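Protein chains in written order, with the numbering used here: chain W, 14 to 200; chain C, 14 to 200; chain G, 47 to 334.
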């Protein structure tokens with residue numbers, strides 16, 4: 014088809030702006046001026062320059078609003094402003110994977126045997142404690158360092174935190190469940 | 014966790030408006046006031062009434078623009094206004110599925126006569142309702158089962174869903190076109 | 047369309063049909079074909095079987111076919127002329143049979159209903175009991191009920207639809223957007239079971255004397271260490287008496303005292319007394 018034949022209708026600025034705005038909102042991908050013309054404005058006689066002016070006008074309209082019209086490599090698209098990302102993150106909550114056995118054992122040892130060094134935890138568990146485990150528990154604010162042990166290397170001592178108690182609805186550590194009695198594992 | 018504990022930060026109207034606007038644009042589905050509160054505003058102390066006022070303000074802002082904020086059954090969503098449909102539709106014409114009369118009549122019976130059993134649908138239509146029809150409507154989430162009729166065989170009762178109303182941009186069942194009245198039968 | 051095919055009411059050309067067509071014996075009103083003009087079929091018109099199939103498939107069942115015939119002839123549905131309607135209906139059914147269309151059972155059931163109503167209407171008036179009423183009433187009711195739904199379905203089809211008439215606005219998230227990760231949930235029982243796991247694995251664990259009673263002491267030990275760690279860099283110590291809280295009572299004092307003893311034993315703190323009977327100061331061990 015001859016595009017000149019199709020592009021015959023006039024369109025006023027108000028209608029053009031509505032149409033461009035709608036097109037940018039419903040398109041699956043960023044729209045360039047060319048794509049806008051080809052896919053949404055094929056029936057109208059409208060210059061690239063005019064489309065560009067309309068886009069600039071729309072960009073101005075959305076300054077300081079909940080969405081903004083940005084230029085990316087392949088064209089224009091509506092995006093949320095960077096400042097809102099943190100607040101919007103709530104919608105896309107993702108469940109973190111369940112804690113591994115290693116994390117739970119490390120946490121248990123810190124809770125029941127605090128203050129305790131990483132070396133002591135490794136001694137009891139019989140395997141190395143990765144930095145990731147300590148980081149995970151620290152990031153969660155469940156453990157904290159409470160000093161250093163006066164042994165060679167001055168290793169850091171770990172203890173549980175108030176947040177740890179709060180999470181498990183405990184008022185103090187002695188509310189932690191009693192462990193099995195000594196006889197149970199003396200054999 | 015106690016939600017009252019989380020909802021503590023104050024938020025001014027300008028920020029609230031930006032956030033609600035952004036949330037409505039990025040959400041995958043229509044957002045009710047409740048959903049907005051739960052998923053986007055959990056950190057803020059904000060009343061339902063205030064959110065509703067903000068929504069009304071946003072609706073006013075978008076009057077005559079390329080998209081408008083509409084209320085449908087399950088909440089609010091931004092969609093293109095009917096006046097632009099013709100200009101926008103030609104690109105998407107192939108994408109919109111067509112539904113057979115069998116499907117539409119079954120859907121109409123479920124929408125207007127719910128709760129209704131398959132046997133009752135067959136009775137009114139005068140033909141058997143194939144499992145494919147029920148499956149298509151269920152897969153689209155337009156119908157759901159809402160129990161069993163206390164007659165021999167305890168057949169399943171079908172009703173329409175919010176997604177059905179959302180798809181047709183309706184807020185409730187009473188917005189469905191009125192059924193033919195008796196006067197329409199003469200002649 | 048595919049739903050139509052699966053519908054048991056469908057009328058389909060029988061497979062391997064060798065009929066090349068059919069010569070029609072009588073005038074039949076024909077349907078709108080895909081919205082195109084009504085084909086008023088001359089008597090000798092040859093209708094290709096495919097076209098017939100399309101026409102007949104337009105009917106959703108016997109009620110739909112009857113409604114079509116009634117509307118086409120501008121009959122009054124409330125005063126249904128059974129005789130001509132039955133004749134025309136039967137002609138359609140015969141036609142479907144003639145071209146070996148697989149005829150849904152419902153069409154034959156309707157044929158017998160029509161025949162029965164017709165025969166009852168032919169009975170002398172006095173033979174019909176008063177309270178039996180109009181034999182057509184039930185059929186008329188069904189036709190009306192079906193027409194209401196047929197029209198409702200057409201109305202639904204015309205409602206604005208997503209992706210056809212309405213389009214949902216979509217907005218991308220900002221580049222710096224990071225989804226919020228919810229912390230994993232831990233059960234207190236899991237924690238205890240983790241520790242039991244260690245105990246079972248570690249024979250040497252008997253030395254560790256983990257008991258409920260010692261926990262308050264261990265907690266206090268951690269508190270004291272934390273307090274000393276956070277102490278002023280210029281005065282990196284605590285007065286011994288400051289470690290006790292009178293409000294805790296005797297048992298609290300005992301716990302604190304045990305904690306201090308345990309900390310000294312493990313060389314985690316040091317106690318210094320600068321003068322006789324002077325205040326005892328507790329501090330972290332001097333760095334080497």
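The beta carbon of each residue, even a glycine, is placed where N, CA and C say it ideally should be.
Since the model is a prediction, treat every value here as computed from it, not as a measurement.
Alpha-carbon to alpha-carbon, residue j and residue i
i	j	result
residue 50 (chain C)	residue 112 (chain G)	54 Å
residue 67 (chain W)	residue 175 (chain W)	57 Å
residue 185 (chain G)	residue 94 (chain C)	44 Å
residue 72 (chain C)	residue 208 (chain G)	20 Å
residue 63 (chain C)	residue 32 (chain C)	13 Å
residue 158 (chain W)	residue 312 (chain G)	17 Å
residue 129 (chain G)	residue 127 (chain C)	36 Å
residue 121 (chain W)	residue 247 (chain G)	15 Å
residue 121 (chain G)	residue 46 (chain W)	59 Å
residue 36 (chain W)	residue 222 (chain G)	25 Å
residue 187 (chain C)	residue 124 (chain C)	10 Å
residue 283 (chain G)	residue 319 (chain G)	12 Å
residue 76 (chain W)	residue 104 (chain G)	54 Å
residue 224 (chain G)	residue 53 (chain C)	14 Å
residue 183 (chain C)	residue 189 (chain C)	8 Å
residue 325 (chain G)	residue 287 (chain G)	8 Å
residue 168 (chain W)	residue 285 (chain G)	25 Å
residue 149 (chain W)	residue 74 (chain W)	44 Å
residue 185 (chain C)	residue 212 (chain G)	18 Å
Contact with chain C by residue i, beta-carbon distance below 7 Å
i	result
residue 126 (chain G)	no
residue 183 (chain W)	no
residue 79 (chain W)	yes
residue 34 (chain W)	yes
residue 93 (chain W)	yes
residue 38 (chain W)	yes
residue 100 (chain W)	yes
residue 214 (chain G)	yes
residue 282 (chain G)	no
residue 303 (chain G)	no
Spatially closest choice to residue i from the options, by CA coordinates
i	options	result
residue 84 (chain W)	W:101, W:43 and W:55	W:43
residue 193 (chain C)	G:132, G:152 and G:200	G:200
residue 39 (chain C)	C:102, C:173, C:75 and C:92	C:92
residue 166 (chain W)	W:185, W:130 and W:135	W:130
residue 220 (chain G)	W:99, W:21, W:69 and W:153	W:99
Interface flag, residue i vs chain G, CB-CB below 7 Å
i	result
residue 103 (chain W)	yes
residue 28 (chain W)	no
residue 114 (chain C)	yes
residue 128 (chain C)	no
residue 159 (chain W)	yes
residue 125 (chain C)	yes
residue 168 (chain W)	no
residue 118 (chain W)	yes
residue 85 (chain C)	no
residue 165 (chain C)	no
residue 111 (chain W)	yes
Integer-rounded CB distance, given that residue j should sit under 8 Å from residue i
i	j	result
residue 328 (chain G)	residue 306 (chain G)	7 Å
residue 267 (chain W)	residue 23 (chain W)	Outside the shown range of chain W, which is 14 to 200, sits residue 267 (chain W), and nothing can be said about it.
residue 331 (chain G)	residue 133 (chain W)	Not really, about 17 Å apart at Cβ, beyond 8 Å.
residue 137 (chain C)	residue 192 (chain G)	6 Å
residue 79 (chain C)	residue 34 (chain W)	3 Å
C-beta neighbour in chain W for residue i, strict 7 Å
i	result
residue 97 (chain C)	yes
residue 55 (chain C)	yes
residue 271 (chain G)	yes
residue 52 (chain C)	yes
residue 256 (chain G)	Residue placement at residue 256 (chain G) cannot be trusted, given a pLDDT of 47 that sits under 50; the coordinates are not used to answer.
residue 31 (chain C)	yes
residue 149 (chain G)	no
residue 223 (chain G)	yes
residue 306 (chain G)	no
residue 156 (chain G)	no
residue 267 (chain G)	yes
Min CB distance residue i to chain D below 7 Å
i	result
residue 135 (chain W)	Absent here is chain D; the protein component of the structure consists of chains W, C and G.
Count the CB pairs spanning the segment 140 to 150 of chain C and the segment 99 to 116 of chain C that are closer than 8 Å, and state whether there are at least three.
yes
Could you say if the segment 179 to 187 of chain C and the segment 76 to 92 of chain C meet the contact criterion of at least three C-beta pairs nearer than 8 Å?
yes
Can at least three beta-carbon pairs, one atom from the segment 140 to 158 of chain G and one from the segment 102 to 111 of chain G, be found at a separation below 8 Å?
yes
Cβ contact check for the segment 97 to 111 of chain C and the segment 179 to 198 of chain G: 3 or more pairs under 8 Å
no
Quick test of the definition: if touching needs 3 or more C-beta pairs under 8 Å, does the segment 131 to 141 of chain G touch the segment 155 to 170 of chain G?
yes
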